[in-house]
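Only one structure is covered here, and it is reproduced in the block below.
In the numbering used here, the protein residues as written are 20 to 280.
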């Protein structure tokens with residue numbers, strides 16, 4: 020009887036320890052997510068329309084006259100680069116959580132685990148493939164971002180497997196120092212990371228092969244068409260249909276609507 024009581028107490032203690040550990044892990048994960056969210060929210064306040072410099076840029080560069088295109092955001096790149104000189108763009112998807120800076124580094128690793136202010140954090144930062152030019156001047160630019168359980172970063176991309184979601188969010192906006200661009204989304208598809216690498220889909224020389232693969236496997240139907248000379252943005256995140264799966268959304272970059280600061 021005494022042995023049973025001791026065993027029951029030990030089982031209870033183990034259960035309490037496991038529950039305490041699990042709660043601790045959950046709290047730590049929440050703190051990490053919150054830290055990333057706070058950092059990016061503060062940056063938006065600092066460099067987008069709400070900042071004094073960005074508001075001035077809006078007055079100076081917004082087109083005038085009937086039928087002039089209306090920009091969703093104005094970005095103060097001077098302020099953004101003061102935070103991080105690797106910043107090359109800002110990506111914004113209306114009605115979604117995607118509203119982030121984009122950086123370029125010399126490898127695939129650093130910005131997987133560092134925020135825009137260089138703080139170590141699993142949310143990371145959206146970053147372009149280091150094989151691509153930093154000014155989006157090439158035929159193809161690839162942007163990578165995490166698929167987070169919190170919904171942050173590029174988690175929204177996988178929702179493009181649903182046609183209705185695409186119809187609600189058919190475009191994004193890309194802001195660079197050269198100008199503001201509209202990205203009309205064309206394809207969204209699942210691909211293995213191994214196939215992506217083996218076929219060299221990060222290189223502009225293989226753009227036609229990438230578009231052919233995307234067209235054959237796209238999860239949504241779009242009227243957008245690629246024309247010779249168009250620039251293309253491919254946005255990639257983790258997906259979980261199989262081991263090492265990626266979900267990639269591809270869009271065509273339209274002409275700048277107006278200059279940015």
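We put the CB at the ideal spot given by N, CA and C, even for glycine.
With DSSP as the reference, please indicate the residues paired to residue 129 in a beta bridge.
-> Bridge partners of residue 129: none, in fact.
Report yes if the CB atom of residue 102 is closer than 8 Å to the CB atom of residue 136, and no otherwise.
-> yes
Taking just the CA atoms, how far does residue 217 sit from residue 111?
-> 30 Å
Within 8 Å (strictly less), CB to CB, does residue 202 reach chain B?
-> As a matter of chain content, chain B is missing from the structure shown, which is built from one protein chain.
Does the Cβ-Cβ distance between residue 203 and residue 243 come in under 8 Å?
-> Cβ distance < 8 Å, so residue 203 and residue 243 count as in contact.
Neighbourhood of residue 170 by C-beta, 7 Å cutoff - its chain only, sequence neighbours within 5 removed | Closer than 7 Å at the Cβ level, and outside the excluded window around residue 170, lie 116.
Return the residue from the list 54, 119, 53 and 113 that minimises the CA-CA distance to residue 66.
-> 119
Separation of residue 63 from residue 141, as counted between CA atoms = 19 Å
Residue 151 versus residue 105 - alpha carbon distance | 14 Å
Rounded C-alpha distance that separates residue 251 from residue 271 = 5 Å
Following the continuous beta strand (DSSP E) through residue 239, name the residue where it begins and the one where it ends.
-> Counting along the chain, residue 239 falls outside any beta strand (DSSP E), and DSSP gives it neither H nor E.
Going along the chain, which unbroken runs of the beta strand (DSSP E) with 3 or more residues stay wholly within the segment 132-157?
-> 145-147
Thinking just about the alpha-carbon of each residue, which of 256, 247, 200 and 235 is nearest to the one in residue 223?
-> Out of 256, 247, 200 and 235, 247 has the C-alpha closest to the C-alpha of residue 223.
Since residue 97 is in the alpha helix (DSSP H), which residue starts that stretch and which ends it?
-> 96-102
Does the segment 181-189 come close enough to the segment 155-170 that 3 or more CB-CB pairs lie under 8 Å?
-> Contact fails: fewer than three Cβ-Cβ distances are below 8 Å.
For residue 33, which residues from the same chain have a beta carbon less than 7 Å from its beta carbon, with the 5 sequence-adjacent residues on both sides left out?
-> In this predicted model, residue 33 has a pLDDT of only 42, less than 50, meaning its place in the structure is not dependable; the value taken from the coordinates is given anyway. Excluding sequence neighbours, residue 33 sits near nothing in its chain.
Could you work out which residue in 256, 208 and 249 is closest to residue 201 when comparing CA atoms only?
-> From the listed residues 256, 208 and 249, the smallest Cα separation to residue 201 is found for 249.
Assign residue 64 to one of three DSSP states: helix, strand, or coil.
-> helix
Measuring alpha carbon to alpha carbon, tell me which of 96, 210, 231 and 254 ends up nearest residue 148.
-> Residue 254 is the option with its Cα nearest to residue 148.
From residue 97 to residue 191, what distance separates their C-alpha atoms?
-> 22 Å
List the endpoints of the continuous alpha helix (DSSP H) containing residue 213.
-> 212-217
Cβ distance (whole Å) where residue 233 is taken to contact residue 259 below 8 Å = Incorrect: roughly 19 Å between the Cβ atoms, too far for contact.
Ordered list of beta strand (DSSP E) runs contained in the segment 153-211, each at least 3 residues = 159-163, 190-194 and 199-211
Hey, how far is the Cα of residue 195 from the Cα of residue 157?
-> Cα-Cα distance, rounded: 14 Å.
Which residues does DSSP pair with residue 270 in a beta bridge?
-> According to DSSP, which records beta bridges pairwise, residue 270 is partnered with 204 and 252.
Could you pull out every residue in the same chain whose Cβ sits closer than 8 Å to the Cβ of residue 78, ignoring the five residues on either side in sequence?
-> In this prediction, residue 78 scores a pLDDT of 34, lower than 50, which makes its location untrustworthy; the coordinate-derived value is nonetheless stated afterwards. Excluding sequence neighbours, residue 78 sits near nothing in its chain.
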